[in-house]
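Asker:
There are 2 protein chains.
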Amino acid sequence: MTANAAIFATQSCEICPIRYRAVCARCERDELAELESVKIYRRYAAGQTVSWAGDRMDMVASVVSGVASLTQQMEDGRTQMVGLLLPSDFLGRPGREVAAYTVTAASELLLCCFRRKPFEELLRSNPRIAGRLLEMTLDELDAARDWLLLLGRKSAREKIASLLTILARREAALNLRQPEGRIAVDLPLTREAMADYLGLTLETVSRQMSALKRDGVIELDGKRRVVIPLFGRLVSESGDDADGGPLS
Amino acid sequence: MTANAAIFATQSCEICPIRYRAVCARCERDELAELESVKIYRRYAAGQTVSWAGDRMDMVASVVSGVASLTQQMEDGRTQMVGLLLPSDFLGRPGREVAAYTVTAASELLLCCFRRKPFEELLRSNPRIAGRLLEMTLDELDAARDWLLLLGRKSAREKIASLLTILARREAALNLRQPEGRIAVDLPLTREAMADYLGLTLETVSRQMSALKRDGVIELDGKRRVVIPLFGRLVSESGDDADGGPLS
DNA sequence: CCAGGACATTGACCCAAATCAAGATGACAG
DNA sequence: CTGTCATCTTGATTTGGGTCAATGTCCTGG
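Order-wise, the sequence lines are chains P and R. As numbered in UniProt numbering, the first sequence has no gaps in its residue numbers, which increase by one up to the final residue, 248. As numbered in UniProt numbering, the second sequence has no gaps in its residue numbers, which increase by one up to the final residue, 248.
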């Protein structure tokens with residue numbers, strides 16, 4: 001379980017804090033009653049498939065802890081990740097019977113699930129939840145558009161740096177600010193999953209990680225823990241716009 | 001003006017048919033009254049910038065005719081298209097003051113604009129319009145995810161083929177079915193815009209177009225008109241899933 | 001009709017990342 | 001402790017698409 005996940009696990013309370021923040025950030029508590037009555041928690045082991053592309057989906061869910069990935073595959077086996085869901089992200093497609101993507105637990109994963117039909121009913125009857133979902137979907141679309149820039153125009157080194165930055169930012173948003181802008185990230189992804197995210201091969205990911213280490217941009221503590229000594233400085237230097245990403 | 005655009009231009013009527021289909025497909029007519037009162041049409045010449053990334057945006061809009069592109073740029077000039085808006089598509093980001101992307105008219109463009117504030121108010125007060133916008137946003141997210149697969153894993157030839165297929169499909173959806181599955185597409189994009197869409201250089205786009213022509217997969221009629229002789233067969237052969245795209 | 005400029009094509013060469021191929025590391029079962 | 005298996009690293013080689021440069025093709029306005 002990642003550091004992210006651990007943090008969230010300790011916050012459990014009667015009204016699931018993640019879902020509260022995620023789906024109903026600004027709703028009154030009584031608006032949650034209906035959702036509350038139909039939620040089901042589900043746990044998946046790292047590597048386990050949550051559902052296959054083409055499966056009938058009658059659940060939607062919110063990520064409580066861990067990391068889920070959406071992937072698309074061509075018949076010849078080429079694979080591209082098309083979604084990376086971290087705690088508080090929404091999973092599912094209201095209004096669609098059939099899943100378009102394969103969902104996999106990248107690390108140990110805890111989902112908070114709702115049956116799709118009642119959830120859609122709730123969307124219809126409760127504009128605030130619908131509005132919140134629209135907002136989340138728009139954010140996800142923005143993230144997808146940054147991802148398009150990454151896949152279309154960045155070099156392998158820049159791709160790796162951007163991914164580490166995305167993960168480090170989410171880490172930083174949750175944790176207290178780290179001293180000196182130094183930040184540690186537990187990679188929730190294998191080299192292969194990173195490659196699928198970045199449109200690279202796992203060999204290239206490995207080589208570029210080694211190169212970033214050699215150049216002193218990152219420190220590797222085991223295979224899955226990355227320390228970025230100058231994260232604070234690097235991120236603040238290069239605003240939040242569509243720049244090449246720091247660490248490059 | 002593209003064939004698309006011409007078709008739509010002839011459909012003009014009191015209640016803008018595009019907006020009707022796009023934003024309020026299943027709304028009652030009286031629900032449109034409020035929208036109706038605040039709409040403004042705006043026309044842009046091919047190549048003209050509609051708004052720059054970072055600009056204050058106080059409009060949202062619907063594409064009536066023509067093609068608009070959203071692009072993202074890195075400081076060193078590398079450019080990636082992150083959105084391609086055809087007639088009936090929605091433009092704008094309710095809830096955001098500042099535009100994240102540069103919007104350009106790829107061909108001559110007619111927009112139907114609404115002031116953002118009243119539009120947001122309408123979203124709040126009218127759940128059916130909000131629901132419709134959510135549906136459109138989810139569709140756009142799906143399209144973005146197909147685009148991720150294209151950028152991350154497809155060869156130059158496959159990228160071109162996929163783009164032609166996307167344009168041909170929209171053409172086919174509007175026009176009567178063409179005889180023999182033969183279809184003609186007026187490219188609304190320059191080679192450079194195609195390259196920005198596909199994450200390639202314009203030289204590679206040009207070379208691959210020539211190669212497809214040489215191989216008899218497409219016919220070029222001038223620079224901007226493409227005929228795909230076997231479109232019907234190619235598309236039906238390879239279902240609608242995440243395949244490599246036909247024409248490859 | 002011709003000149004100028006935007007857009008497109010084609011060629012020669014190069015390089016970043018893919019591919020193919022060994023090994024290294026590390027977690028875990030027995 | 002040791003063998004197995006998944007994961008990761010590193011090296012040698014190939015190649016698809018980028019880069020640089022020259023040429024071609026329209027369209028438009030004078």
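For glycine and all other residues, C-beta sits at the position ideal for the given N, C-alpha and C.
(1) Alpha carbon to alpha carbon, how far is L84 (chain R) from K117 (chain R)? Give it in angstroms, no decimals.
(2) Taking the C-alpha atoms as reference points, what is the distance between L111 (chain P) and V38 (chain P)?
(3) Could you pull out every residue in the same chain whose Cβ sits closer than 6 angstroms to the Cβ of E120 (chain R), ignoring the five residues on either side in sequence?
(4) Tell me whether A105 (chain R) sits in a helix, a strand or coil according to DSSP, three-state version.
(5) Please go through the same chain and pick out, in chain order, the residues whose beta-carbon is closer than 6 angstroms to the beta-carbon of Q48 (chain P), but skip the five residues on each side of it.
(6) Using only the alpha-carbon positions, how far apart do I129 (chain R) and A130 (chain P) sit?
(7) Report yes or no: is there a C-beta of chain P within less than 8 angstroms of the C-beta of W147 (chain R)?
(8) Out of P:L198, P:Q72, P:E97, P:D186, which has the shortest C-alpha to C-alpha gap to D146 (chain P)?
(9) For the beta strand (DSSP E) that contains A61 (chain P), what are its first and last residues?
(10) Report all residues from its chain with a CB closer than 6 angstroms to the CB of D142 (chain P); omit the five preceding and five following residues, and keep chain order.
(11) Can the beta-carbon of Q73 (chain P) be found closer than 8 angstroms to that of L148 (chain R)?
(12) Leaving out five residues on either side along the sequence, give the residues of the same chain with a beta carbon under 6 angstroms from the beta carbon of C27 (chain P).
(13) Along chain R, which residues have their Cβ under 8 angstroms away from the Cβ of L141 (chain P)?
(14) Look at M209 (chain P) and L163 (chain P) and say whether their C-beta atoms are less than 8 angstroms apart.
(15) Let's test the definition: count the other Cβ atoms within 10 Å of the Cβ of Y41 (chain P) and tell me whether it reaches 16, buried, or not, exposed.
(16) With M59 (chain R) and C113 (chain R) assumed to form a contact (beta carbons below 8 angstroms), what rounded beta-carbon distance in angstroms separates them?
(17) Would you mind sorting E158 (chain P) into buried or exposed? The rule is 16 or more other CB atoms within 10 Å of its CB.
(18) Out of P:R191, P:R225, P:M136, which one is the CA nearest neighbour of T204 (chain P)?
(19) When the Cα atoms are used, what is the spatial distance from T102 (chain P) to A45 (chain R)?
(20) Examine chain P for any beta-carbon lying closer than 8 angstroms to the beta-carbon of V82 (chain R), and answer yes or no.
(21) Please report whether the beta-carbon of M57 (chain P) lies at a distance below 8 angstroms from any beta-carbon of chain R.
(22) Where does R43 (chain P) land, buried or exposed, given buried means 16+ other C-beta within 10 angstroms?
(23) Is L134 (chain R) helix, strand or coil when you go by DSSP?
(24) With distances taken between CB atoms, is the gap from R225 (chain P) to A172 (chain P) smaller than 8 angstroms?
(25) Kindly list the residues whose CB is nearer than 7 angstroms to the CB of L123 (chain R), restricted to its own chain and excluding five residues on each side of it in sequence; keep chain order.
(26) In terms of DSSP beta bridges, what is V226 (chain R) paired with?
(27) Please confirm if M194 (chain R) has its CB atom under 8 angstroms from at least one CB of chain P.
(28) So with Cβ pairs under 8 angstroms, would you call Y41 (chain P) a contact of chain R?
(29) According to the neighbour-count rule (16 or more other Cβ atoms, all chains shown, within 10 Å of its Cβ), is E97 (chain R) buried or exposed?
(30) Using a beta-carbon distance below 8 angstroms, is G216 (chain R) in contact with chain P?
(31) In chain order, what residues of the same chain lie with their CB nearer than 6 angstroms to the CB of I218 (chain R), ignoring the 5 residues before and after it?
(32) Does the beta carbon of F231 (chain P) sit closer than 8 angstroms to a beta carbon anywhere in chain R?
(33) Along chain R, in chain order, which residues have C-beta atoms closer than 7 angstroms to that of A130 (chain P)?
Answerer: Quick look at the numbers:
(1) For the purposes of this step, residue 117 (chain R) is taken as the residue at position 117 of the second sequence. For the purposes of this step, residue 84 (chain R) is taken as the residue at position 84 of the second sequence. If I take the Cα positions, the gap works out to 25 angstroms.
(2) Locating residue 111 (chain P) in the first sequence gives position 111, where the first residue counts as 1. Locating residue 38 (chain P) in the first sequence gives position 38, where the first residue counts as 1. Those two C-alpha atoms are separated by around 13 angstroms.
(3) The residue you call residue 120 (chain R) lines up with position 120 of the second sequence. Cβ within range, chain order: P94.
(4) As a position in the second sequence, residue 105 (chain R) is number 105, starting the count at 1. Here A105 (chain R) sits in strand by DSSP.
(5) Taking the first residue of the first sequence as position 1, residue 48 (chain P) is located at position 48. Counting only Cβ-Cβ distances below 6 angstroms, and skipping sequence neighbours, we find A105.
(6) By 1-based counting over the second sequence, the position of residue 129 (chain R) is 129. By 1-based counting over the first sequence, the position of residue 130 (chain P) is 130. So the alpha carbons of these two residues sit roughly 11 angstroms apart.
(7) Counting from one through the second sequence, the residue named residue 147 (chain R) turns up at place 147. For W147 (chain R), the answer is yes, since a Cβ of chain P falls inside 8 angstroms of its Cβ.
(8) Within the first sequence, numbered from 1, the residue matching residue 146 (chain P) stands at position 146. Selected option, being the one with the closest Cα: P:L198.
(9) One-based indexing of the first sequence puts residue 61 (chain P) at position 61. First-last of the beta strand (DSSP E) with A61 (chain P): 59-65.
(10) Counting from 1 along the first sequence, the entry for residue 142 (chain P) is found at position 142. Excluding sequence neighbours, D142 (chain P) sits near nothing in its chain.
(11) If you number the first sequence from 1, residue 73 (chain P) lands on position 73. If you number the second sequence from 1, residue 148 (chain R) lands on position 148. In this structure, L148 (chain R) does not lie closer than 8 angstroms to Q73 (chain P) by Cβ.
(12) By 1-based counting over the first sequence, the position of residue 27 (chain P) is 27. Unreliable placement is indicated for C27 (chain P), whose pLDDT of 44 sits below 50; no coordinate value is reported for it.
(13) Counted from its first residue, the first sequence places residue 141 (chain P) at position 141. Per Cβ cutoff of 8 angstroms: T137, E140, L141, A144.
(14) For the purposes of this step, residue 209 (chain P) is identified with residue 209 of the first sequence, where counting begins at 1. For the purposes of this step, residue 163 (chain P) is identified with residue 163 of the first sequence, where counting begins at 1. In this structure, L163 (chain P) does not lie closer than 8 angstroms to M209 (chain P) by Cβ.
(15) Along the first sequence, read from residue 1 onward, the residue named residue 41 (chain P) stands at position 41. The residue in question, Y41 (chain P), is exposed, as its Cβ has fewer than 16 Cβ neighbours within 10 Å.
(16) Here residue 59 (chain R) corresponds to residue number 59 of the second sequence, with the count starting at 1. Here residue 113 (chain R) corresponds to residue number 113 of the second sequence, with the count starting at 1. That belief holds up - the Cβ atoms of M59 (chain R) and C113 (chain R) are roughly 5 angstroms apart, short of 8 angstroms.
(17) Here residue 158 (chain P) is taken as the residue at index 158 of the first sequence, counted from 1. Answer is buried; the Cβ neighbour count reaches 16.
(18) Start at 1 with the first residue of the first sequence, and residue 204 (chain P) comes out as number 204. Measuring from the Cα of T204 (chain P), the nearest candidate turns out to be P:R191.
(19) Here residue 102 (chain P) refers to the residue found at position 102 when the first sequence is read from its first residue. Here residue 45 (chain R) refers to the residue found at position 45 when the second sequence is read from its first residue. So the two alpha carbons sit approximately 42 angstroms from each other.
(20) Numbered from its first residue, the second sequence carries residue 82 (chain R) at position 82. Yes, V82 (chain R) counts as interfacial toward chain P.
(21) Counting from 1 along the first sequence, the entry for residue 57 (chain P) is found at position 57. Not one chain R Cβ lies under 8 angstroms of M57 (chain P).
(22) Translated into positions along the first sequence, residue 43 (chain P) becomes position 43. Label assigned to R43 (chain P): exposed.
(23) Position 134 of the second sequence, counted from the first residue, corresponds to residue 134 (chain R). Looking at L134 (chain R) - three-state DSSP - the assignment turns out to be helix.
(24) On the first sequence, position 225 is the one that residue 225 (chain P) refers to. On the first sequence, position 172 is the one that residue 172 (chain P) refers to. No, the Cβ-Cβ distance between R225 (chain P) and A172 (chain P) is not below 8 angstroms.
(25) By one-based count along the second sequence, residue 123 (chain R) stands at place 123. The residues are P94, I129, A130, L133.
(26) Counted from its first residue, the second sequence places residue 226 (chain R) at position 226. In the DSSP output, where bridge partners are listed per residue, V226 (chain R) has R:V185, R:L220.
(27) For the purposes of this step, residue 194 (chain R) is taken as residue 194 along the second sequence, with counting starting at 1. Chain P contact via Cβ: absent.
(28) Position 41 of the first sequence, counted from the start, is the residue given in the question as residue 41 (chain P). No, its Cβ sits nowhere closer than 8 angstroms to a Cβ of chain R.
(29) Start at 1 with the first residue of the second sequence, and residue 97 (chain R) comes out as number 97. With fewer than 16 Cβ atoms within 10 Å of its Cβ, E97 (chain R) is classed as exposed.
(30) In the second sequence, the residue the question calls residue 216 (chain R) occupies position 216. Output row for G216 (chain R): interface = no.
(31) Counting from one through the second sequence, the residue named residue 218 (chain R) turns up at place 218. These residues qualify, in order along the chain: L212, V226, I228.
(32) Locating residue 231 (chain P) in the first sequence gives position 231, counting from the first residue. Chain R, which has no Cβ nearer than 8 angstroms to the Cβ of F231 (chain P), makes this no.
(33) Here the question's residue 130 (chain P) lines up with position 130 in the first sequence. Near A130 (chain P) (Cβ distances below 7 angstroms), the residues of chain R are P127, A130, G131, L134.
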